[in-house]
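Novice: Sharing a structure, written as structure tokens. Questions coming.
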Amino acid sequence: MTTPPLLEVQGLDVGFTTPDGRPLDAVRDVSFTLRRGETLAVVGESGSGKSTTALALLRMLPGTGRITGGSVLLDGEDLATATEDRLREVRGARIGMIFQDPMTALNPVLSIGRHLDEVLRA
Ligand SMILES: Nc1ncnc2c1ncn2[C@@H]1O[C@H](COP(=O)(O)OP(=O)(O)O)[C@@H](O)[C@H]1O
Ligand SMILES: [Mg+2]
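Heads up, the sequence shown is in the numbering used here, so the first residue is 1098 and it goes up one at a time.
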């Protein structure tokens, strides 16, 4: 038995619903494999679906966003179909995200201590 890749995304589709109720395909058929110790950079023009792909891996899509197809295998476990309880265990412990815009990641008017305190309270 070979160990599965750390992260294997297969045929990932992500969709939103427009305000008038129509389906919008934001990400179509994205596949990639990441093994332990590897780094992967995803490059593309604005609006091509980089952030949506990353958010979909953790099932943290905004608004009407949802995974409409494919799988997200973390160590062989499909996060695309995992329960919310299981996702809560995995997020932060096994897979995390550092957001691009530091102004939204850390509030500049709060101390680091306040930030940490906020997380514990939440
Ligand atoms: N909150 C949202 N509501 C509806 N559609 C969205 C939302 N976020 C992203 N999209 C759709 O997903 C596409 C990809 O966006 P995004 O992942 O932010 O691109 P990138 O990060 O590559 O600039 C957008 O063009 C848009 O159609
Ligand atoms: Mg982006």
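For every residue, glycine included, the Cβ atom is placed at its ideal position computed from N, Cα and C.
With a Cβ-Cβ cutoff of 8 Å, do alanine 1177 and glycine 1146 count as a contact?
Specialist: Counting from 1 along the sequence shown, the entry for residue 1177 is found at position 80. Counting from 1 along the sequence shown, the entry for residue 1146 is found at position 49. Cβ distance not < 8 Å, so alanine 1177 and glycine 1146 don't count as in contact.
Novice: Determine contact between the segment 1101-1117 and the segment 1155-1164, defined as no fewer than three beta-carbon pairs at a distance below 8 Å.
Specialist: Output reads yes: the segment 1155-1164 touches the segment 1101-1117.
Novice: Starting from the N-terminal side, write out each stretch of the beta strand (DSSP E) that is 3 residues or longer and does not extend beyond the segment 1153-1186.
Specialist: 1163-1171
Novice: Is the separation between the beta-carbon of valine 1127 and that of valine 1140 shorter than 8 Å?
Specialist: Start at 1 with the first residue of the sequence shown, and residue 1127 comes out as number 30. Start at 1 with the first residue of the sequence shown, and residue 1140 comes out as number 43. No, they are not a contact pair.
Novice: Leaving out five residues on either side along the sequence, give the residues of the same chain with a beta carbon under 7 Å from the beta carbon of threonine 1160.
Specialist: Start at 1 with the first residue of the sequence shown, and residue 1160 comes out as number 63. Here residue 1160 turns out to be glycine, not threonine, going by the sequence shown. Within the same chain, glycine 1160 has close Cβ partners Phe1113.
Novice: Our contact map puts leucine 1171 next to valine 1187 with C-beta atoms below 8 Å; I'd like the distance itself, whole angstroms only.
Specialist: For the purposes of this step, residue 1171 is taken as the residue at position 74 of the sequence shown. For the purposes of this step, residue 1187 is taken as the residue at position 90 of the sequence shown. Contact holds; Cβ gap of about 7 Å.
Novice: Is it buried or exposed for leucine 1137, if we count other Cβ within 10 angstroms and need 16 for buried?
Specialist: Residue numbering aside, residue 1137 sits at position 40 when the sequence shown is read from its first letter. The residue in question, leucine 1137, is exposed, as its Cβ has fewer than 16 Cβ neighbours within 10 Å.
Novice: Quickly, what does DSSP pair threonine 1130 with across the bridge? List them, please.
Specialist: Residue 1130 sits at position 33 when you count from the first residue of the sequence shown. Partner(s): Glu1105.
Novice: Is the closest heavy atom of ligand 2 to the C-beta of serine 1148 under 7 Å?
Specialist: Here residue 1148 refers to the residue found at position 51 when the sequence shown is read from its first residue. Yes, ligand 2 has a heavy atom inside 7 Å of this Cβ.
Novice: Out of Leu1184, Leu1152, Gly1134, Asp1175, state which residue places its alpha-carbon closest to the alpha-carbon of asparagine 1197.
Specialist: By one-based count along the sequence shown, residue 1197 stands at place 100. It should be pointed out that residue 1197 corresponds to glutamine in this sequence rather than to asparagine. When each option's Cα is compared against that of glutamine 1197, the closest is Leu1152.
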